[in-house]
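K.L.:
Here's a structure for you.
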Amino acid sequence: MNERLLEPPSEWEYTLNVPHDPLAPAIARATVRLVLDRHGLHELTDTTVLLTSELLSNSCRYAPGPASVRLRWADKRLRGSVWDTGPLLPRPTRCPAPEADGGRGLVLVDLCADAWGSFALGREAGRDHGKVVWFELEAGGAEPGVHGDVVGVVPPNCRGRDRHSLRA
737 MNERLLEPPS EWEYTLNVPH DPLAPAIARA TVRLVLDRHG LHELTDTTVL LTSELLSNSC
797 RYAPGPASVR LRWADKRLRG SVWDTGPLLP RPTRCPAPEA DGGRGLVLVD LCADAWGSFA
857 LGREAGRDHG KVVWFELEAG GAEPGVHGDV VGVVPPNCRG RDRHSLRA
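Numbering (the numbering used here), first residue to last: 737 to 904.
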């Protein structure tokens, strides 16, 4: 067998389409873990699984239709994104109340991602095309660490650009 065929490509992209289903985040977590494991990106796996799960959980909670998860690897950066049919862009809260049922997902994304954002896909003939929320993680990035009130929630290799930006 030609060994060159066994070398992983330097750039790749995977897309998982999911229905509006409460099982979708769990299926996406397993899929993301498998893809990153097979590509040897172990240092990014836990953080990517957490962030993908948070974004897809938001999609299942707030958007009315199907969604898709995309992972793209290029230039030692992993970009994860979730597309859904919801027209409203997410707005992170500074610090949700301890008894609040939600509001922590984007805080975790901000804490863990090297970069993140969202954009609307526009409207045509009175119909919204949804939005994309994305994050990026760089392989071999900053020192891992967890600080303050997120201990036990954030993976130990979570290493966002500014862990204090959304704290109260």
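We treat Cβ as the ideally placed atom computed from N, Cα and C, and that holds for glycine.
Assuming Arg765 contacts Thr781 (C-beta within less than 8 Å), just tell me the rounded distance between them.
P.N.:
If you number the sequence shown from 1, residue 765 lands on position 29. If you number the sequence shown from 1, residue 781 lands on position 45. So it is not a contact: roughly 10 Å between Cβ atoms.
K.L.:
Can you list, in chain order, the stretches of the beta strand (DSSP E) that have 3 or more residues and sit fully within the segment 807-836?
P.N.:
813-820
K.L.:
With respect to the alpha helix (DSSP H) encompassing Ala760, which residues constitute its N-terminal and C-terminal limits?
P.N.:
Residue 760 sits at position 24 when you count from the first residue of the sequence shown. Element bounds for Ala760: 760-774.
K.L.:
List the endpoints of the continuous alpha helix (DSSP H) containing Ser795.
P.N.:
Here the question's residue 795 lines up with position 59 in the sequence shown. Note, Ser795: alpha helix (DSSP H), 778-798.
K.L.:
Could you check which residue in Val845, Asp820, Pro823 has the C-alpha nearest to that of Arg830?
P.N.:
By 1-based counting over the sequence shown, the position of residue 830 is 94. It is Val845 whose Cα lies nearest to the Cα of Arg830.
K.L.:
Which residue marks the beginning of the alpha helix (DSSP H) containing Leu844, and which one marks its end?
P.N.:
For this step, residue 844 is matched to residue 108 along the sequence shown. Start and end: 841-848.
K.L.:
Would a C-beta distance cut-off of 8 Å place Ser817 and Val768 closer than the cut-off?
P.N.:
In the sequence shown, the residue the question calls residue 817 occupies position 81. In the sequence shown, the residue the question calls residue 768 occupies position 32. No, the pair does not count as a contact, with Cβ atoms beyond the cut-off.
K.L.:
Please state whether DSSP places Glu698 in a helix, a strand or coil.
P.N.:
One cannot answer for residue 698 here, as it falls past the ends of the chain, which runs 737 to 904.
K.L.:
Using a Cβ-Cβ cut-off of 6 Å (strictly less than) and excluding sequence neighbours within five positions of Leu842, which residues of its own chain qualify?
P.N.:
In the sequence shown, residue 842 corresponds to position 106, counting from 1. Excluding sequence neighbours, Leu842 sits near Pro826, Pro828.
K.L.:
Nearest-angstrom Cα distance between Asn753 and Pro802?
P.N.:
Mapped onto the sequence shown, residue 753 falls at position 17. Mapped onto the sequence shown, residue 802 falls at position 66. Roughly 8 Å separates the two Cα atoms.
K.L.:
To the nearest angstrom, report how far apart Thr784 and His756 are at their CA atoms.
P.N.:
Position 48 of the sequence shown, counting from 1, holds the residue named residue 784. Position 20 of the sequence shown, counting from 1, holds the residue named residue 756. In a straight line, the C-alpha of Thr784 is about 21 Å away from that of His756.
K.L.:
Roughly how many angstroms separate the alpha carbons of Pro745 and Lys812, rounded to a whole number?
P.N.:
Here residue 745 is taken as the residue at index 9 of the sequence shown, counted from 1. Here residue 812 is taken as the residue at index 76 of the sequence shown, counted from 1. Computed Cα separation, rounded: 12 Å.
K.L.:
Which residue's Cα is closest to the Cα of Val771: Ala849, Glu790, Trp748?
P.N.:
Within the sequence shown, numbered from 1, the residue matching residue 771 stands at position 35. Measuring from the Cα of Val771, the nearest candidate turns out to be Trp748.
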